[in-house]
Amino acid sequence: MSLILAIESSCDEMAVAILKDKRELLCNVVASQIDTHRMFGGVVPEIASRMHVECVSTVLKTALNEAQINMQDIDAIAVTKGPGLVGSLHVGMQAAKTLALAYHKPLIGVHHIAGHIYANELVEDIQYPCLCLVVSGGHSELVYMKHEFSFEVIGQTLDDAIGEAYDKVGRVLHLPYPGGPVIDRMAKEGKHTYALPLPMNDESYNFSFSGLKSAVINLCHNASQRGEEIIPQDLACSFQEVAVDVLVSKTIKAAQDYHVKQIIVAGGVSANQGLRQALTKRSEIPVLFPPMRYCTDNAAMIASAARVMFEHQKFSSLDLMVKPSYDLEEESLGES
Numbered sequence: 096m097s098l099i100l101a102i103e104s105s106c107d108e109m110a111v112a113i114l115k116d117k118r119e120l121l122c123n124v125v126a127s128q129i130d131t132h133r134m135f136g137g138v139v140p141e142i143a144s145r146m147h148v149e150c151v152s153t154v155l156k157t158a159l160n161e162a163q164i165n166m167q168d169i170d171a172i173a174v175t176k177g178p179g180l181v182g183s184l185h186v187g188m189q190a191a192k193t194l195a196l197a198y199h200k201p202l203i204g205v206h207h208i209a210g211h212i213y214a215n216e217l218v219e220d221i222q223y224p225c226l227c228l229v230v231s232g233g234h235s236e237l238v239y240m241k242h243e244f245s246f247e248v249i250g251q252t253l254d255d256a257i258g259e260a261y262d263k264v265g266r267v268l269h270l271p272y273p274g275g276p277v278i279d280r281m282a283k284e285g286k287h288t289y290a291l292p293l294p295m296n297d298e299s300y301n302f303s304f305s306g307l308k309s310a311v312i313n314l315c316h317n318a319s320q321r322g323e324e325i326i327p328q329d330l331a332c333s334f335q336e337v338a339v340d341v342l343v344s345k346t347i348k349a350a351q352d353y354h355v356k357q358i359i360v361a362g363g364v365s366a367n368q369g370l371r372q373a374l375t376k377r378s379e380i381p382v383l384f385p386p387m388r389y390c391t392d393n394a395a396m397i398a399s400a401a402r403v404m405f406e407h408q409k410f411s412s413l414d415l416m417v418k419p420s421y422d423l424e425e426e427s428l429g430e431s
């Protein structure tokens, strides 16, 4: 049995969750800053870290009250160590270290992407070997997992992440931040009428979305110069279908090449309905998506990854440092 308290603060959410064993989530408290950052059209790092400082104690207290436990009951303290915004990560790290030191609990530093991946295991066992499509505002990767907590990055974006491309296209269309969910909704109302290039349409497992983003920007600019009207719903549909097509095609190709039992999807863009429908429809290999509540940043996913690390006794020292970029492959555990 394990009782893990996890803290996630890698970007603009301060979150604390307490997980008992594999799936009994006693609480999952998230303090979002999205309304504040929406005024600036994106996350402002300094504001994010300052707001984390202001709310971390309240979020922690709320979590303990919801779970109806005290710190003495906790078996380990987990925290996101990176990747993410350095200032935001520091707030969560210092809180976790303080708790670990004050209550004599082991500290578990968790890779943010490992957390997103293991959000899936909060609802269903992952079948190994599997292939994980990681899609978020900062990441677009294909990760082969031969066994539990084994990470081999076989493909990644060479420029923009898919979530970043969505948000930039959202700005071109003058949509509120974040643009991704809005484009997803608009795409259902439009038709694929605009010709956009299929980005990095090759035999590799890598992605590139900067060209697609630039094509949308140029299309809108040229239409404006000619006095032509852009139909936002149609452009949203055209962009999404092209972006999703390349994600799905490369994921299925890699899954077949690596002979996996399951495809899992992780990260904020895993909430995208267009991606969910296309991958489920086109893949002959079973596909596992996290529930919507676990797609965006949250501490439950960090607790889920930490639960595996706790079982393997993979603890961190109190001199653990945050980093804006940690190598996911170095987090791999030996085959059990």
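Each position in the sequence shown, counted from 1, maps to that position plus 95 in the working numbering. By construction, the Cβ of each residue, glycine as well, lies at the ideal position given by its N, Cα and C atoms. Note that the structure is a prediction, hence the values are computed from the model and not measured.
According to DSSP, what are the bridge partners of residue i?
{"i": "Y239", "result": "L226, E247"}
{"i": "S183", "result": "Paired residue(s): none; S183 is not in a bridge."}
{"i": "A126", "result": "M109"}
{"i": "L98", "result": "K115"}
{"i": "H206", "result": "G177"}
{"i": "F302", "result": "T252"}
{"i": "E103", "result": "A110"}
According to DSSP, is residue i helix, strand or coil?
{"i": "Q357", "result": "strand"}
{"i": "E149", "result": "helix"}
{"i": "K200", "result": "coil"}
{"i": "H287", "result": "coil"}
{"i": "T391", "result": "coil"}
{"i": "L121", "result": "strand"}
{"i": "L383", "result": "strand"}
{"i": "S412", "result": "coil"}
{"i": "I172", "result": "strand"}
{"i": "Q351", "result": "helix"}
{"i": "G136", "result": "coil"}
{"i": "I142", "result": "helix"}
{"i": "A214", "result": "coil"}
{"i": "L307", "result": "helix"}
{"i": "S231", "result": "coil"}
{"i": "E324", "result": "coil"}
For residue i, collect the residues of the same chain with a Cβ closer than 7 Å to its Cβ; drop the 5 residues on either side in sequence, then sort them by chain order.
{"i": "P271", "result": "R133, V277"}
{"i": "S299", "result": "G250"}
{"i": "R402", "result": "S97, I99, L114, K117"}
{"i": "C122", "result": "A112, I113, A158, E161, A162"}
{"i": "M396", "result": "G210, H211, Y213, A214, Y389"}
Can you list, in chain order, the residues of its chain with a C-beta nearer than 8 Å to that of residue i? Leave out the 5 residues immediately preceding and following it.
{"i": "A420", "result": "Going by the sequence as given, residue 420 is Ser instead of Ala. Taken in chain order, the residues that qualify are G177, P178."}
{"i": "L415", "result": "K176, M188, K192, L202, G204"}
{"i": "V124", "result": "A110, V111, A112, V154, T157, A158, E161, A394"}
{"i": "L237", "result": "L226, C227, L228, V229, V248, I249, G250, Q251, Y300, K345, T346, A349"}
{"i": "G285", "result": "I326, P327, Q328, D329, L330, A331, C332, S333"}
{"i": "D168", "result": "L98"}
With a CB to CB cut of under 6 Å and the five nearest residues on each side skipped, what residues in its chain are close to residue i?
{"i": "A195", "result": "I172, L202"}
{"i": "I55", "result": "Here the chain covers residues 96 to 431 and nothing more, so residue 55 does not appear."}
{"i": "A366", "result": "M387, C390"}
{"i": "P273", "result": "D262"}
{"i": "G182", "result": "P140, S144"}
{"i": "C150", "result": "M109, A126"}
{"i": "N313", "result": "none"}
Report back the beta-carbon spacing between residue i and residue j to the nearest angstrom; my notes put them in contact at under 8 Å.
{"i": "Q222", "j": "K356", "result": "4 Å"}
{"i": "V337", "j": "L184", "result": "V337 to L184, Cβ: 34 Å. No contact."}
{"i": "G232", "j": "G258", "result": "4 Å"}
{"i": "L253", "j": "S303", "result": "5 Å"}
{"i": "S399", "j": "E216", "result": "6 Å"}
{"i": "P294", "j": "L307", "result": "4 Å"}
{"i": "V186", "j": "S144", "result": "6 Å"}
{"i": "S104", "j": "F244", "result": "S104 to F244, Cβ: 23 Å. No contact."}
Hey, does residue i have any beta-carbon neighbour from chain D nearer than 8 Å?
{"i": "G179", "result": "Protein chains in the displayed structure number just one, and chain D is not present."}
Is the stretch 330-340 close to the stretch 281-296, with three or more CB pairs under 8 Å?
-> yes
At least 3 beta-carbon pairs within less than 8 Å: the stretch 133-147 vs the stretch 203-220 = no
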